[in-house]
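J.:
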RNA sequence: GGGCGGUUAGCUCAGUUGGUUAGAGCGCCUGCCUUACAAGCAGGAAGUCCGGGGUUCGAGUCCCUGACCGCCCACCA
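Residue numbers (this note's numbering): 3 to 945.
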């Protein structure tokens with residue numbers, strides 16, 4: 003029996019199979035477009051829509067999948083599957099990032115375990131060792147992704163160190179250099195003494211730190227060059243930097259120090275003579291109003307030093323130990339030196355005071371070591387011209403942010419941007435394509451490795467040892483994954499590229515650039531999103547449009563939309579972290595509840611702007627949802643099989659589209675079809691706006707609340723397989739049942755791809771019309787198919803049934819007891835209730851309802867604005883019933899009072915729209931009628 | 001220091017341009033093994049929409065203000 007499903011849904015039993023199937027069948031691979039013969043239009047989806055293109059934010063190659071990835075991937079997968087099912091060519095490109103520092107650190111740790119250092123190995127061997135690691139383990143995170151069912155094109159998987167992406171990095175660097183947008187110079191940068199590399203401003207995280215403000219007395223020198231006996235006191239949080247002091251700065255208007263203008267000082271401990279300089283940057287009310295100036299170890303001091311032509315004295319080595327400039331402190335770690343220096347100052351009575359001082363201390367984002375601002379020779383991107391374009395692209399609306407507020411965040415950052423330090427003193431990464439000539443000391447920057455200095459021809463050239471910031475290469479991804487710069491065989495970068503290769507890349511680029519959407523988390527908004535926009539707009543602008551026309555800014559952007567999601571936290575809203583031990587491993591939770599349930603949890607909680615407090619209790623609920631659907635399927639298949647036995651079959655050709663129903667179909671059939679259309683409309687609309695939560699909840703409500711709770715229960719009445727059955731009616735009911743279910747599976751499939759794939763194949767009994775539900779069409783509502791009469795009728799019927807059930811419970815009827823019922827209603831509804839007698843009987847456990855003009859005395863009653871029902875044997879708890887009635891009456895009185903107050907307000911009648919006033923009037927009328935009836939009930943109870 | 005977000009049921013969150021009695025899931029209470037499903041069914045209780053002021057015929061929704069929570073940017077020694 004193909005329809006013989008186990009009683010409970012076991013995700014583990016089916017998920018691995020489908021995950022592997024999707025990959026092996028290459029269901030989500032998008033063929034490279036045919037190279038253009040001449041200029042012609044872009045690649046189009048079958049129905050003429052543009053392709054949907056999306057890049058996976060590449061996880062670190064060393065990474066393990068965490069909940070943030072899973073949220074990100076779930077959202078992208080839902081959108082990609084949805085777009086694909088809407089008929090668009092949907093291309094989702096996966097890949098990994100070489101993650102310079104992270105990966106180097108990890109391999110270094112391995113070396114340490116073997117008792118080796120990378121220096122012992124040497125650069126070449128070390129890099130080879132990293133590649134080795136990557137070949138073995140680098141695919142782990144993407145394998146995890148496969149397990150989650152991400153519908154990516156695995157044929158296009160990239161790695162940021164791949165040859166073709168490295169070519170792009172090199173081209174970008176050389177081009178920027180040629181455009182004089184890359185320069186090399188000695189500036190203060192953030193230096194991590196542990197990683198022993200420069201890091202960018204963004205890679206520094208500040209922590210509040212309870213430190214001290216030391217006040218140090220610097221002797222003022224007299225005209226004779228000896229101590230005059232007077233001191234000037236400076237305040238500092240970092241006394242050790244005094245070894246590199248080159249001046250003390252005061253505010254020119256500061257009266258306290260006016261007499262010291264032009265004087266010199268002696269730096270204690272090192273006995274260097276330094277000037278007093280005047281600078282308006284100094285704030286008079288902080289500390290003592292006198293600042294020691296250490297240009298080599300503080301960005302502000304560096305700027306001040308530049309203004310005053312002061313020298314810079316670097317007092318530390320790469321690992322933040324004092325160097326020879328440190329005199330007797332040489333060799334000491336910076337914090338050890340601090341202790342020694344403070345002690346020595348104290349001894350010499352040069353410490354005027356120590357105050358507690360809370361300030362922010364920068365730490366390396368990667369290893370949390372305290373960052374050392376340090377003067378060093380680095381490479382920078384002159385960022386303003388790129389930023390200007392990136393600002394324009396967003397301001398002119400070529401890139402849209404969701405939620406919108408991130409546009410402000412983005413612009414604010416972009417408008418206050420600083421030059422980007424792109425050099426890293428690492429071995430793992432894209433090595434900067436610059437060669438230093440030992441003969442003429444000039445640099446050669448080249449696309450191809452040069453053999454000789456471009457300036458003097460000397461063969462004694464050495465390649466720059468620095469590599470590029472990882473984000474430099476990932477920032478280029480939108481252009482580089484689609485073939486840039488090898489787009490034409492003529493361009494300089496492409497000397498080695500065949501005309502054919504170039505044409506293929508060119509076709510790819512034409513088809514898929516700009517990408518449609520970027521889905522990411524706000525924490526890499528500046529690191530990555532902003533850089534992609536800058537680099538994408540800059541480099542794409544030079545690439546002609548398919549028809550040969552110049553590319554506008556609108557067509558240069560790397561993506562047209564950015565959707566930014568929140569962070570996944572634990573159930574207590576704590577940030578997940580290894581140290582807290584509250585990290586939820588997605589793979590573990592997936593094994594526990596099934597991938598679909600976890601995906602659905604994330605989707606249903608992904609409302610914009612709020613972090614997700616991931617609570618497994620909720621996932622448990624969605625596992626139940628999956629099980630519910632599984633069992634609905636079992637029920638349906640059971641009936642399909644039963645029907646087949648007496649020759650009733652459902653025409654497969656009737657499936658796969660949106661069902662519609664004849665006007666003479668039973669109420670529940672017309673209703674569920676109408677609900678399906680309404681649901682499809684809502685889901686499409688929600689996904690359009692990235693409201694995953696709305697979309698998920700809408701489907702949940704439809705599937706469980708409407709389809710299972712009501713429709714399936716009612717349809718049982720129609721599935722009559724006896725000899726006497728009206729076979730046409732049974733077939734019609736069965737057909738609608740299967741049609742709606744099949745369509746609902748398609749509706750759900752972007753959210754729960756595994757379950758729906760399994761059941762969809764079962765619906766077709768192993769002979770599906772496509773290789774996957776993912777390749778079918780997503781339900782689209784037809785307005786005309788939303789039968790509002792059916793929706794209203796069903797709503798009333800549901801109210802009647804719920805009323806009877808509630809009343810039964812209230813009067814303490816046995817759950818199983820079948821009792822008689824009286825219904826009194828307006829003539830408007832008598833027909834509806836008459837037609838629906840069988841439904842009422844089944845769902846409310848009553849005998850054939852008796853429609854009466856008024857409920858007989860002595861029956862237990864329930865009042866609705868549209869009807870009254872009465873049940874026999876009122877063994878009522880009088881006190882409880884009185885309480886309930888009073889409460890109900892009180893509530894109604896409130897409504898009445900509130901509405902009447904509004905109606906009696908002349909302003910309301912004058913200004914409120916007609917339908918609001920009408921509605922209010924109707925409401926009062928209904929509420930009053932109901933209140934009177936309840937009053938009557940209360941009266942008869944109190945007798 | 002500058003900017004942003006949040007505060008709605010016990011918990012986690014929805015609540016479209018202001019409009020008729022503020023919703024969902026989980027949890028809780030009560031009763032049911034009703035042959036698709038106990039990962040289920042049915043019924044129910046539960047809210048000063050953070051406080052204060054204002055605009056409006058009408059405010060959870062708009063404005064001002066205060067409190068609390070959280071985030072981002074800057075980094076005055």
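Yeah, the Cβ is synthetic: ideal placement off N, Cα and C, and Gly gets one too.
With respect to the alpha helix (DSSP H) encompassing residue 2, which residues constitute its N-terminal and C-terminal limits?
T.: Beyond the ends of the chain as shown, which are 3 and 945, falls residue 2; an answer cannot be given.
J.: Counting along the chain, where does the alpha helix (DSSP H) carrying residue 661 start and finish?
T.: Looking up residue 661 in the first chain gives position 659. It is not in any alpha helix (DSSP H) - residue 661 carries neither H nor E in the DSSP assignment.
J.: For residue 208, count the other beta carbons within 10 Å of its own beta carbon; 16 or more makes it buried, fewer makes it exposed. Which is it?
T.: Against the first chain, residue 208 aligns to sequence position 206. Classification for residue 208: exposed.
J.: With a threshold of 16 other CB atoms inside 10 Å of the CB of residue 309, please say whether the residue is buried or exposed.
T.: On the first chain, residue 309 is found 307 positions in, with the first residue counted as 1. Per the 10 Å Cβ criterion, exposed.
J.: Please confirm if the stretch 676 to 683 is in contact with the stretch 601 to 621, defined as three or more CB-CB distances below 8 Å between the two stretches.
T.: No, because fewer than three Cβ pairs between the stretch 676 to 683 and the stretch 601 to 621 fall closer than 8 Å, the two stretches do not touch.
J.: Are the beta-carbon atoms belonging to residue 73 and residue 608 less than 9 Å from one another?
T.: As a working note, residue 73 is residue 71 in the first chain. As a working note, residue 608 is residue 606 in the first chain. Going by C-beta atoms, residue 73 is nearer than 9 Å to residue 608.
J.: What residue from 120, 6, 79, 146 has the CA that sits closest to residue 587's CA?
T.: To locate residue 587, count along the first chain from 1; it is residue 585. Checked all of 120, 6, 79, 146; the closest Cα to residue 587 is 146.
J.: Give a yes or no on whether the C-beta atoms belonging to residue 869 and residue 826 are separated by under 9 Å.
T.: Locating residue 869 in the first chain gives position 867, counting from the first residue. Locating residue 826 in the first chain gives position 824, counting from the first residue. Taking 9 Å as the Cβ cut-off, residue 869 and residue 826 qualify as a contacting pair.
J.: Below 8 Å CB to CB, which residues in the same chain sit around residue 388 once its five sequence neighbours on both sides are set aside?
T.: In the first chain, the residue the question calls residue 388 occupies position 386. Correct list, in chain order: 183, 536, 537, 539, 540.
J.: By Cβ distance, which residues of its chain are closer than 8 Å to residue 732, with the 5 residues on each side in sequence left out?
T.: Stepping through the first chain from its first residue, residue 732 is reached at position 730. Same-chain partners within the cutoff: 645, 650, 720, 721, 722, 723.
J.: Please report the residue range of the beta strand (DSSP E) in which residue 839 lies.
T.: The count along the first chain starts at 1 and reaches residue 839 at position 837. Per DSSP, residue 839 belongs to no beta strand (DSSP E); it is in the alpha helix (DSSP H), 839 to 846.
J.: State yes or no: is the C-beta of residue 803 nearer than 8 Å to some heavy atom of the ligand ADP?
T.: Here there are no bound small molecules, and the ligand ADP is not part of this structure.
J.: Measuring CB to CB, does residue 564 end up less than 9 Å from residue 515?
T.: If you number the first chain from 1, residue 564 lands on position 562. If you number the first chain from 1, residue 515 lands on position 513. Contact: no.
J.: Cβ of residue 113 within 9 Å of Cβ of residue 105?
T.: On the first chain, residue 113 is found 111 positions in, with the first residue counted as 1. On the first chain, residue 105 is found 103 positions in, with the first residue counted as 1. Contact flag unset, no.
J.: Here's the rule: buried if 16 or more other CB atoms are within 10 angstroms of the residue's CB, otherwise exposed. What is residue 511?
T.: For this step, residue 511 is matched to residue 509 along the first chain. With 16 or more Cβ atoms within 10 Å of its Cβ, residue 511 is classed as buried.
J.: Please classify residue 192 as buried or exposed, where buried requires at least 16 neighbouring CB atoms within 10 angstroms.
T.: Within the first chain, residue 192 is the residue found at index 190, counting from 1. Flag for residue 192 reads buried.
J.: How is the alpha helix (DSSP H) around residue 589 delimited, first residue to last?
T.: One-based indexing of the first chain puts residue 589 at position 587. Unbroken alpha helix (DSSP H) run through residue 589: 588 to 595.
J.: Report yes or no: do the stretch 232 to 252 and the stretch 324 to 335 share at least 3 C-beta pairs separated by less than 8 Å?
T.: Yes, they touch.
J.: So residue 229 is in the beta strand (DSSP E); what residue range does that whole segment cover?
T.: Counting from 1 along the first chain, the entry for residue 229 is found at position 227. Looking at the DSSP string, the run of the beta strand (DSSP E) that includes residue 229 is 229 to 238.
J.: Give the DSSP bridge partners of residue 200, in chain order.
T.: Stepping through the first chain from its first residue, residue 200 is reached at position 198. DSSP output for residue 200 lists 193 as bridge partner(s).
J.: Residue 134 to residue 590, Cα distance in whole Å?
T.: Start at 1 with the first residue of the first chain, and residue 134 comes out as number 132. Start at 1 with the first residue of the first chain, and residue 590 comes out as number 588. If I take the Cα positions, the gap works out to 28 Å.
J.: Measure the beta-carbon distance from residue 102 to residue 428 and round it to whole angstroms, keeping in mind my assumption that it falls under 8 Å.
T.: Taking the first chain and counting its residues from 1, the one referred to as residue 102 is at position 100. Taking the first chain and counting its residues from 1, the one referred to as residue 428 is at position 426. Their Cβ separation, rounded to whole angstroms, is 5 Å, which keeps residue 102 and residue 428 in contact under 8 Å.
J.: Rounded to a whole number of angstroms, what is the C-alpha to C-alpha distance between residue 253 and residue 277?
T.: Within the first chain, residue 253 is the residue found at index 251, counting from 1. Within the first chain, residue 277 is the residue found at index 275, counting from 1. Computed Cα separation, rounded: 14 Å.
J.: Grab me the residues of residue 172's own chain with a C-beta within less than 7 Å of its C-beta, minus the 5 sequence neighbours each way, in chain order.
T.: Looking up residue 172 in the first chain gives position 170. Result list for residue 172: 435, 449, in chain order.
J.: Kindly indicate which three-state DSSP category residue 862 falls into: helix, strand or coil?
T.: The residue you call residue 862 lines up with position 860 of the first chain. Note: residue 862 maps to strand in three-state DSSP.
J.: Taking the C-alpha atoms as reference points, what is the distance between residue 594 and residue 761?
T.: Counting from 1 along the first chain, the entry for residue 594 is found at position 592. Counting from 1 along the first chain, the entry for residue 761 is found at position 759. Rounded to the nearest angstrom, the two C-alpha atoms are 21 Å apart.
J.: So for residue 42, helix, strand or coil by DSSP?
T.: As a position in the first chain, residue 42 is number 40, starting the count at 1. Annotation note: pLDDT 43 at residue 42 (below 50); position unreliable, no value reported.
J.: Rounded to the nearest angstrom, what separates residue 165 and residue 409 at their Cα positions?
T.: For the purposes of this step, residue 165 is taken as the residue at position 163 of the first chain. For the purposes of this step, residue 409 is taken as the residue at position 407 of the first chain. Distance between the alpha carbons of residue 165 and residue 409: 34 Å.
J.: Which ranges would you report for the beta strand (DSSP E) in the stretch 260 to 284 if only whole runs of at least 3 residues count?
T.: For the stretch 260 to 284, whole beta strand (DSSP E) runs of length 3 or above, ordered along the chain, are 266 to 269, 274 to 280.
J.: Under the rule that 16 or more other beta-carbon atoms within 10 Å means buried, what is residue 865, buried or exposed?
T.: Here residue 865 refers to the residue found at position 863 when the first chain is read from its first residue. Residue 865 is buried by the Cβ-count criterion.
J.: What does a CB cutoff of less than 6 Å around residue 54 pick up in its chain, not counting 5 residues either side in sequence?
T.: As a working note, residue 54 is residue 52 in the first chain. For residue 54, where only same-chain residues beyond five positions count, the Cβ hits under 6 Å are 85, 90, 92, 518.
J.: How many angstroms separate the CA atom of residue 420 from the CA atom of residue 203?
T.: As a working mapping, residue 420 is identified with position 418 in the first chain. As a working mapping, residue 203 is identified with position 201 in the first chain. Straight-line Cα distance between these residues: approximately 9 Å.
J.: Could you tell me whether the Cβ atoms of residue 486 and residue 543 are closer together than 9 Å?
T.: Taking the first residue of the first chain as 1, we reach residue 486 at position 484. Taking the first residue of the first chain as 1, we reach residue 543 at position 541. In this structure, residue 543 does not lie closer than 9 Å to residue 486 by Cβ.
J.: When the Cα atoms are used, what is the spatial distance from residue 887 to residue 935?
T.: In the first chain, counting from the first residue as 1, residue 887 sits at position 885. In the first chain, counting from the first residue as 1, residue 935 sits at position 933. Taking the straight line from one Cα to the other gives about 10 Å.
J.: Tell me whether residue 542 sits in a helix, a strand or coil according to DSSP, three-state version.
T.: Start at 1 with the first residue of the first chain, and residue 542 comes out as number 540. Of the three classes helix, strand and coil, the one that applies to residue 542 here is helix, per DSSP.
J.: Could you have a look at residue 939 and say whether DSSP puts it in helix, strand or coil?
T.: Taking the first residue of the first chain as 1, we reach residue 939 at position 937. Of the three classes helix, strand and coil, the one that applies to residue 939 here is helix, per DSSP.
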